[in-house]
Structure formats: C-alpha cells, structure tokens
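Contents: one structure, followed by commentary.
Structure (structure tokens):
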C-alpha cells in the first residue's frame with residue numbers, strides 16, 4: 003500500500019476537538035498526537051536551545067516514549083504551492099502547532115502580515131523540522147511530526163527513532179532519569195566533531211554542546227577516531243568477517259558511550275550470515291540481535 007494514497011483531508015469538530023483523518027492509510031494524526039494524554043515527557047524551555055523534551059518519569063532502555071503519525075508527508079522536491087495546500091487543509095489547532103515550531107533561517111525582511119512572509123515561514127518551518135523517511139519508503143519522502151520536532155539534538159543521543167511504516171516510534175536506548183533531556187541525533191554522528199558542528203550550523207544554525215562535543219585534546223582525538231572507524235565498518239561489511247566487524251562495532255560504541263545505532267550493525271550481520279547460509283551462526287547470535295533490535299526498533303521489528 004503506497005504512502006501516496008494518504009492525503010491530509012480533515013474533519014475538525016469544535017467543542018470536543020476531535021481531529022480525524024478522512025482518507026488515510028496511516029490513520030493520520032489523532033487528537034492524542036496533537037494533545038497527548040499523560041505523556042512520559044514535558045515540553046519545556048531549555049537553556050540555549052529553545053523548547054525541548056524532558057523525561058517526567060524514569061525511562062528504561064527500550065521503553066517506548068511515544069509514537070506519532072505524520073501530520074503530512076511530501077516529496078522532497080515539492081513546490082511551495084504544494085506545502086501551502088497541505089497547510090490549508092489542516093485544522094486550526096494543527097496549523098497553529100506547526101507554525102509554533104522553530105525555524106533555523108534568518109528573519110524575513112517582509113512584514114509579518116505579507117502573504118509571502120507567511121508562506122516563507124511555512125517553508126522554513128518544514129525545512130527545519132522535517133524527518134527524512136526515504137530509507138523506509140524507498141522514495142525521497144519527508145514527514146512533519148509535531149511532537150518529534152520538539153526533541154533536541156545530541157551527538158550521543160539517549161533516544162532513537164524508527165518509522166514503522168505508519169508511525170514514528172521514539173524509544174530510550176539507555177536509562178533516562180527524571181528531569182533529563184530526551185535527545186535524538188539529527189545527523190550521521192559517525193564523523194569528526196568539526197564536521198558535525200559544521201553540518202549542524204549549515205542546516206540548523208546551532209552549535210552542539212553535548213558531552214561528545216565538549217571533549218578536548220587527546221579525548222577528542224580518540225572520540226573522532228572511534229566514530230570514523232564505526233563509519234568505516236558500515237561501509238566495508240564483508241560476509242566472511244561479519245561477526246568480527248559486529249563485535250568491533252559493539253566495542254567501539256561502548257567505548258564511545260554511544261547507546262544508539264546498534265541496530266544498523268545487527269541488520270548487516272543478519273544479512274551477511276543469511277547470504278553465507280550460516281543458519282547455525284545466525285541462531286547463536288539471535289538472542290543478542292533480538293535484544294538490540296527490540297530495544298531500538300520495537301518488538302514488531304523481529305521477524
């Protein structure tokens with residue numbers, strides 16, 4: 003079933019504030035997506051970051067923090083008029099929530115009341131907050147997720163996100179304490195600190211001050227080396243060395259205190275062992291692979 007049969011046609015009933023999706027393979031954002039009931043988090047002002055997400059309760063590794071359907075999906079090459087059409091079809095609460103999100107572009111010189119300024123802000127907000135789900139849908143598709151957009155970046159995140167074909171699931175990849183900020187990575191974090199900072203500034207206009215980016219001297223050199231090796235392991239995966247690559251990646255991730263990203267090595271190991279026809283080795287690895295995939299992508303991801 004193609005994502006293309008999903009369109010943001012809405013019914014908004016005032017009073018009860020029921021928001022329904024009239025035509026949707028995804029189910030679309032429900033009322034609880036816009037106004038979650040008793041969530042595991044709070045949205046608060048975070049010093050130097052604007053809005054952010056803070057844990058209300060202690061969250062265990064693998065715990066589902068929340069899941070969210072897209073407000074809308076669109077092709078990466080969509081024209082401004084297309085975004086404007088999506089926006090007009092949203093109910094008033096969704097439009098307000100969308101425009102309340104941060105945008106990383108320079109302030110417009112146009113009056114705020116000008117139609118061009120309004121469209122410009124919509125484009126800027128979507129560019130700043132969109133999530134790329136192309137890898138899952140095998141097309142260049144972007145999505146807007148209102149709650150997920152409130153999560154700030156870290157180069158050593160405590161939360162992972164995974165699009166299950168209908169909703170984004172956000173799961174803790176390590177224990178998150180009460181009051182701790184919930185973070186994801188916006189980028190490929192397996193690159194040197196200087197490259198990460200340059201990329202973040204170019205695309206989002208902020209500098210990262212996470213623990214990994216605060217390292218200096220020899221510790222920073224070692225961190226950069228580990229991350230570059232982790233990237234190299236993803237590129238140079240070979241069947242006959244798959245188990246060794248996997249063990250090395252797990253060791254590097256532990257040394258780097260990088261709790262996210264193990265699942266991508268799991269999928270490579272599974273494919274390598276399947277290609278090799280080594281069912282015995284695959285069975286031996288199964289408990290560890292199941293634990294990692296369940297924690298990062300949820301139990302539904304285990305076939």
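In this note's numbering, the protein residues as written are 3 to 305.
Idealized CB from N, CA, C, for every residue including glycine.
**N- and C-terminal bounds of the beta strand (DSSP E) containing residue 48** = Against the chain shown, residue 48 aligns to sequence position 46. 43-48 is the span of the beta strand (DSSP E), which, as asked, contains residue 48.
**Asked** With residue 212 and residue 158 assumed to form a contact (beta carbons below 8 Å), what rounded beta-carbon distance in angstroms separates them?
**Response** As a first step, residue 212 must be located in the chain shown, where it is residue number 210. As a first step, residue 158 must be located in the chain shown, where it is residue number 156. Indeed they touch by this definition, with Cβ atoms about 6 Å apart.
**Asked** Is it buried or exposed for residue 209, if we count other Cβ within 10 angstroms and need 16 for buried?
**Response** Residue numbering aside, residue 209 sits at position 207 when the chain shown is read from its first letter. Label assigned to residue 209: exposed.
**Message:** Using the three-state DSSP reduction, which class does residue 296 fall into: helix, strand or coil?
**Reply:** By 1-based counting over the chain shown, the position of residue 296 is 294. Looking at residue 296 - three-state DSSP - the assignment turns out to be helix.
**Asked** Around the C-beta of residue 256, are 16 or more other C-beta atoms found within 10 angstroms, so that it is buried, or is it exposed?
**Response** Residue 256 sits at position 254 when you count from the first residue of the chain shown. By the 10 Å Cβ count, residue 256 comes out exposed.
**Prompt:** What is the rounded straight-line gap between the Cα of residue 165 and the Cα of residue 135?
**Reply:** Taking the first residue of the chain shown as position 1, residue 165 is located at position 163. Taking the first residue of the chain shown as position 1, residue 135 is located at position 133. Cα-Cα distance, rounded: 7 Å.
**Message:** So for residue 211, helix, strand or coil by DSSP?
**Reply:** Translated into positions along the chain shown, residue 211 becomes position 209. Correct three-state label for residue 211: coil.
**Message:** Using only the alpha-carbon positions, how far apart do residue 81 and residue 126 sit?
**Reply:** Here residue 81 is taken as the residue at index 79 of the chain shown, counted from 1. Here residue 126 is taken as the residue at index 124 of the chain shown, counted from 1. Whole-angstrom Cα-Cα distance: 13 Å.
**Request:** To the nearest angstrom, report how far apart residue 258 and residue 244 are at their CA atoms.
**Result:** If you number the chain shown from 1, residue 258 lands on position 256. If you number the chain shown from 1, residue 244 lands on position 242. Rounded to the nearest angstrom, the two C-alpha atoms are 21 Å apart.
**Simplified DSSP state of residue 64, which is helix, strand or coil** = Numbered from 1 along the chain shown, position 62 holds the residue referred to as residue 64. Residue state, collapsed to three classes: coil.
**Asked** Does DSSP classify residue 57 as helix, strand or coil?
**Response** Residue 57 sits at position 55 when you count from the first residue of the chain shown. Residue 57 falls in the strand class under three-state DSSP.
**residue 147 beta carbon less than 8 Å from that of residue 70** = The count along the chain shown starts at 1 and reaches residue 70 at position 68. The count along the chain shown starts at 1 and reaches residue 147 at position 145. Going by C-beta atoms, residue 70 is nearer than 8 Å to residue 147.
**Asked** Would residue 177 pass as a contact of residue 97 if the rule is Cβ separation under 8 Å?
**Response** Start at 1 with the first residue of the chain shown, and residue 177 comes out as number 175. Start at 1 with the first residue of the chain shown, and residue 97 comes out as number 95. Taking 8 Å as the Cβ cut-off, residue 177 and residue 97 do not qualify as a contacting pair.
**Asked** Taking the DSSP output, what are the residues bridged to residue 129?
**Response** As a working note, residue 129 is residue 127 in the chain shown. Its beta-bridge partners do not exist; DSSP assigns none.
**Asked** CA-CA distance, residue 162 and residue 220?
**Response** In the chain shown, residue 162 corresponds to position 160, counting from 1. In the chain shown, residue 220 corresponds to position 218, counting from 1. Those two C-alpha atoms are separated by around 28 Å.
**Request:** Decide if residue 145 is buried, meaning its Cβ has at least 16 other Cβ atoms within 10 Å, or exposed.
**Result:** Taking the chain shown and counting its residues from 1, one reaches residue 145 at position 143. Classification of residue 145: buried, given that the 10 Å Cβ count is 16 or more.
**Request:** Going by DSSP, name the residue or residues bridged to residue 174.
**Result:** As a working note, residue 174 is residue 172 in the chain shown. Its beta-bridge partners are 161.
**Prompt:** Are residue 266 and residue 236 closer than 8 Å when you measure CB to CB?
**Reply:** As a working note, residue 266 is residue 264 in the chain shown. As a working note, residue 236 is residue 234 in the chain shown. Taking 8 Å as the Cβ cut-off, residue 266 and residue 236 qualify as a contacting pair.
**Asked** Quick one, which of 84, 238, 55, 121 has its alpha-carbon nearest residue 149's?
**Response** Working through the chain shown from its first residue, we reach residue 149 at position 147. Ranking 84, 238, 55, 121 by Cα distance to residue 149 puts 55 first.
**Request:** From the DSSP output, in three-state form, read off residue 74 for me.
**Result:** Counting from one through the chain shown, the residue named residue 74 turns up at place 72. Residue 74 falls in the strand class under three-state DSSP.
**Message:** Tell me whether the stretch 63-77 and the stretch 169-184 touch, counting them as touching only if at least three CB pairs, one residue from each stretch, are closer than 8 Å.
**Reply:** yes
**For residue 246, the nearest candidate out of 288, 271, 262 (CA to CA)** = On the chain shown, residue 246 is found 244 positions in, with the first residue counted as 1. Nearest of 288, 271, 262 to residue 246, Cα basis: 271.
**Message:** Assuming residue 251 and residue 275 are in contact, meaning their beta carbons sit under 8 Å apart, how far apart are those beta carbons, in whole angstroms?
**Reply:** The sequence position of residue 251 within the chain shown is 249, counting from 1. The sequence position of residue 275 within the chain shown is 273, counting from 1. Rounded, the Cβ-Cβ distance is 15 Å, inconsistent with contact.
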